[in-house]
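A short write-up of the structure that comes next.
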Amino acid sequence: MTPLLELEHVTYAYHSKNGEVCALSDISFQIQKAEFVAVVGPSGCGKSTLLSLIAGLLTPESGSVLLHSTGEGEAYCTKERKKTQTGIRKDTGYMLQKDHLFEWRTIYQNVILGLEIQHRLNEKTEARVEKMLRDYGLWRFRNAHPSELSGGMRQRAALIRTLAPNPELLLLDEPFSALDFQTRLAVCDDVAAILRKEQKTAILVTHDLSEAVSMADRVLVLSRRPATICANLKLSFEKSDLTPFARRNEPEFRTYFNQIWRELNQYG
Ligand code: ADP
Ligand code: MG
Numbered sequence: 477m478t479p480l481l482e483l484e485h486v487t488y489a490y491h492s493k494n495g496e497v498c499a500l501s502d503i504s505f506q507i508q509k510a511e512f513v514a515v516v517g518p519s520g521c522g523k524s525t526l527l528s529l530i531a532g533l534l535t536p537e538s539g540s541v542l543l544h545s546t547g548e549g550e551a552y553c554t555k556e557r558k559k560t561q562t563g564i565r566k567d568t569g570y571m572l573q574k575d576h577l578f579e580w581r582t583i584y585q586n587v588i589l590g591l592e593i594q595h596r597l598n599e600k601t602e603a604r605v606e607k608m609l610r611d612y613g614l615w616r617f618r619n620a621h622p623s624e625l626s627g628g629m630r631q632r633a634a635l636i637r638t639l640a641p642n643p644e645l646l647l648l649d650e651p652f653s654a655l656d657f658q659t660r661l662a663v664c665d666d667v668a669a670i671l672r673k674e675q676k677t678a679i680l681v682t683h684d685l686s687e688a689v690s691m692a693d694r695v696l697v698l699s700r701r702p703a704t705i706c707a708n709l710k711l712s713f714e715k716s717d718l719t720p721f722a723r724r725n726e727p728e729f730r731t732y733f734n735q736i737w738r739e740l741n742q743y744g
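Heads up: the sequence shown runs through residues 477 to 744, numbered per my numbering.
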């Protein structure tokens with residue numbers, strides 16, 4: 477089966493007048509459609525850089541990033557090879573730690589922002605957004621402003637905004653780290669349920685091992701900078717369709733947690 481995303485020998489370095497910072501070294505992996513992959517690694521190892529390369533915000537120095545969306549491979553090749561496209565990939569949705577909701581816009585106006593910018597606001601896309609607001613408990617707040625919402629609700633609104641243009645691949649960069657622990661557990665369950673229902677392929681960057689083990693189908697462990705992949709671990713739980721919170725009580729949870737912890741301490 478053709479993977480949705482394919483990285484081959486990707487290397488990236490930042491260049492400034494103070495010299496070169498090599499962030500990623502020879503990164504190769506594939507992600508299948510509807511897979512949920514978590515990326516963990518020490519702070520500053522290159523996790524956000526990896527997501528920016530996948531989103532098309534950065535171009536690899538060598539190697540390639542291929543997003544096979546809707547059957548057509550869209551290549552972001554090296555500088556030496558012909559670059560087929562520049563700029564952000566439309567098929568990706570990027571969600572960050574801060575929700576970046578605009579206070580002067582209502583929740584509804586915030587969630588349709590991406591569609592507005594892409595000139596894709598029409599009856600069909602509006603109906604999709606409305607359905608998500610209803611399904612995910614924000615319909616009542618559609619005319620409220622972000623400051624009237626709790627942290628968890630704001631993250632849900634940010635997720636709906638990211639999902640509104642219907643991206644094939646979601647890139648989540650530590651989206652829960654600004655939330656308090658209790659809210660975080662609840663939002664993880666919400667987000668996992670939403671992504672499962674929408675059948676989305678997602679990459680979640682997190683420094684929280686429990687979050688990775690509770691949410692993902694697979695965990696990529698990155699080493700210290702320049703990041704290389706030191707483990708690519710498929711998670712399988714005997715009971716299927718567990719919520720992230722329920723996974724935390726299963727015996728496999730501790731086994732995987734310890735295994736990733738060891739990898740991080742050995743190479744991280
Ligand atoms: P992480 O998300 O894992 O914490 P990043 O991908 O943000 O790490 O950064 C990886 C390394 O690249 C860090 O050492 C960081 O200081 C450096 N870096 C990030 N962005 C830039 C930039 N724009 N210019 C120079 N160095 C950068
Ligand atoms: Mg980061």
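Even glycine gets a Cβ: it sits at the ideal position worked out from N, Cα and C.
**Q.** Sequence-distant residues of the same chain with beta carbon closer than 8 Å to Leu661, five excluded per side
**A.** Residue numbering aside, residue 661 sits at position 185 when the sequence shown is read from its first letter. Only Pro720 and Phe721 meet the Cβ criterion.
Q.
Please report the distance separating the alpha-carbon of Thr568 from that of Glu644.
A. Stepping through the sequence shown from its first residue, residue 568 is reached at position 92. Stepping through the sequence shown from its first residue, residue 644 is reached at position 168. Cα to Cα, Thr568 sits roughly 6 Å from Glu644.
Q. What is the residue span of the alpha helix (DSSP H) that Gly627 lies within?
A. Looking up residue 627 in the sequence shown gives position 151. Following the DSSP letters along the chain, one finds Gly627 inside the alpha helix (DSSP H) bounded by residues Gly627 to Leu639.
(Q) Which same chain residues end up closer than 7 Å to Thr682 when comparing Cβ atoms and leaving out the 5 residues on each side of it in sequence? (A) For the purposes of this step, residue 682 is taken as residue 206 along the sequence shown, with counting starting at 1. Excluding positions up to five away in sequence, the list reads Ala514, Val516, Glu650 and Ala688.
Q | Minimum C-alpha distance to Ile736 - residue among Ala692, Gly520, Thr659 and Thr677 | A | Within the sequence shown, numbered from 1, the residue matching residue 736 stands at position 260. Nearest option by C-alpha distance: Ala692.
Q) Any contact of the stretch 653-660 with the stretch 633-644, i.e. 3+ C-beta pairs under 8 Å? A) Because the criterion of three Cβ pairs below 8 Å is not met, the stretch 653-660 and the stretch 633-644 do not touch.
Q.
If I follow the unbroken beta strand (DSSP E) through Ile507, where does it start and stop?
A. The sequence position of residue 507 within the sequence shown is 31, counting from 1. Counting along the chain, Ile507 sits inside the beta strand (DSSP E) bounded by residues Gly495 to Ile507.
Q | As assigned by DSSP and simplified to three states, the class of Ile588 | A | Position 112 of the sequence shown holds residue 588. In the structure shown, Ile588 sits in coil (DSSP, three-state: anything other than H, G, I, E or B).
Q.
Measuring only the C-alpha atoms, how far is Leu591 from Lys566?
A. Start at 1 with the first residue of the sequence shown, and residue 591 comes out as number 115. Start at 1 with the first residue of the sequence shown, and residue 566 comes out as number 90. Straight-line Cα distance between these residues: approximately 11 Å.
Q) Nearest-angstrom Cα distance between Glu537 and Tyr612? A) Locating residue 537 in the sequence shown gives position 61, counting from the first residue. Locating residue 612 in the sequence shown gives position 136, counting from the first residue. So the two alpha carbons sit approximately 41 Å from each other.
Q: Give the range of the beta strand (DSSP E) segment to which Ser690 is assigned.
A: In the sequence shown, counting from the first residue as 1, residue 690 sits at position 214. Looking at the DSSP string, Ser690 is not in any beta strand (DSSP E); the run it does join, the alpha helix (DSSP H), is Leu685 to Met691.
Q: Taking 9 Å as the cut-off, decide whether the C-beta atoms of Phe617 and Glu624 are in contact.
A: Within the sequence shown, the letter at position 141 stands for residue 617. Within the sequence shown, the letter at position 148 stands for residue 624. In this structure, Phe617 lies near Glu624, with their beta-carbon atoms less than 9 Å apart.
Q. Is it the case that the Cβ atoms of Ile503 and Glu482 are separated by a distance below 9 Å?
A. Locating residue 503 in the sequence shown gives position 27, where the first residue counts as 1. Locating residue 482 in the sequence shown gives position 6, where the first residue counts as 1. It is not a contact, given that the beta carbons lie outside the stated cut-off.
**Q.** Run of the alpha helix (DSSP H) containing Leu480, from where it starts to where it stops
**A.** Locating residue 480 in the sequence shown gives position 4, where the first residue counts as 1. Careful: Leu480 lies outside any alpha helix (DSSP H) and carries neither H nor E.
Q) Do you know how far the Cα of Ser699 is from the Cα of Lys673? A) The count along the sequence shown starts at 1 and reaches residue 673 at position 197. The count along the sequence shown starts at 1 and reaches residue 699 at position 223. Whole-angstrom Cα-Cα distance: 33 Å.
Q) Counting along the chain, where does the alpha helix (DSSP H) carrying Lys523 start and finish? A) Here residue 523 is taken as the residue at index 47 of the sequence shown, counted from 1. Counted as a single uninterrupted DSSP element, the alpha helix (DSSP H) harbouring Lys523 occupies residues Lys523 to Ala531.
Q.
Counting C-beta neighbours from all protein chains within 10 Å, is the total for Ala599 16 or more, i.e. buried, or is it exposed?
A. Counting from 1 along the sequence shown, the entry for residue 599 is found at position 123. Looking at the sequence itself, residue 599 is Glu, so the reference to Ala does not match. Burial call: exposed.
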